[in-house]
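Numbering (my numbering), first residue to last: 4 to 261.
This is the structure:
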């Protein structure tokens with residue numbers, strides 16, 4: 004049993020991990036595990052069911068869609084051409100001498116490729132892939148954060164990462180994510196990744212989300228960035244026009260690349 008009450012996002016992450024591990028779980032068992040009320044657990048289960056992360060059952064819940072992130076090999080092969088175009092468009096936002104923060108992902112890696120031939124930039128990143136791409140770009144200063152390695156995204160996350168970013172003021176932060184919609188913003192299945200991405204966003208004067216069409220309409224359990232925290236989204240022409248309009252309606256600039 005947890006001795007202290009946890010915030011809603013943490014509690015829901017723990018619920019998902021428990022359901023995914025055990026296949027099914029009761030409200031009573033979750034209430035005891037998380038040291039909270041059955042009413043709170045019911046509310047959490049209803050919410051997680053509404054976004055498709057599990058399925059409500061009588062007195063509890065059963066596992067819905069898988070909690071785990073896609074494997075790295077799966078991510079690399081998804082929408083490769085769209086990601087390259089998004090990366091090139093993002094690079095056009097970066098001015099001479101800019102300080103930029105680049106988060107993990109195969110789309111942000113394409114941004115790094117587009118910047119590799121530039122000079123005079125300072126790049127802060129927690130992505131091992133981004134760092135590897137820019138290692139042969141001697142005209143730029145590349146700073147790799149500390150943190151704990153999360154192999155599934157080839158990135159450093161956690162307190163070591165967020166501590167290094169405190170006090171940093173960058174011109175631009177570029178982030179990706181597992182899902183995006185106009186109501187919930189950008190989301191991920193992992194709480195630590197979400198906290199790390201939020202710290203990276205806080206370091207940037209302007210926050211740009213790089214998401215291909217496969218991420219729209221998807222909503223993972225943990226909110227990374229609320230819509231109000233996103234200045235611009237760059238996506239590809241495969242994204243549904245209604246989804247683009249919804250983002251624009253909440254004040255997000257949307258760039259669609261061919």
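Beta carbons are placed, not taken as given, at the ideal position from N, Cα and C, and that holds for glycine.
Annotated as distal: residue 103 and residue 129, with beta-carbon spacing of 8 Å or more.
One alpha carbon belongs to residue 214, the other to residue 148, and they sit about 23 Å apart.
Put simply, of 219, 28, 206 the residue whose alpha carbon is nearest the alpha carbon of residue 237 is 219.
Around residue 92, the same chain offers 237, 258, 260 as residues with beta carbons nearer than 7 Å, after the five sequence neighbours per side are excluded.
DSSP, reduced to helix, strand and coil, places residue 21 within a helical segment of the structure shown.
In terms of Cβ geometry, residue 154 and residue 191 do not form a close pair [threshold 8 Å]. The criterion of a C-beta distance shorter than 8 Å is not satisfied by residue 82 and residue 113. Under the rule that a run must span 3 or more residues, the beta strand (DSSP E) segments found entirely inside the stretch 182-222 read 182-184, 188-191, 207-213. According to the DSSP assignment, residue 151 belongs to the beta strand (DSSP E) that extends over 151-153.
For residue 144, the pairing in a beta bridge is given by DSSP as 125.
The three-state secondary structure of residue 158, taken from DSSP, is strand. If you draw a 10 Å sphere on the C-beta of residue 230, you find 16 or more other C-beta atoms in it, and that means buried. A direct Cα-Cα distance of roughly 6 Å separates residue 188 from residue 228. Three or more Cβ pairs closer than 8 Å define a contact, and the stretch 133-151 falls short of that threshold against the stretch 48-68.
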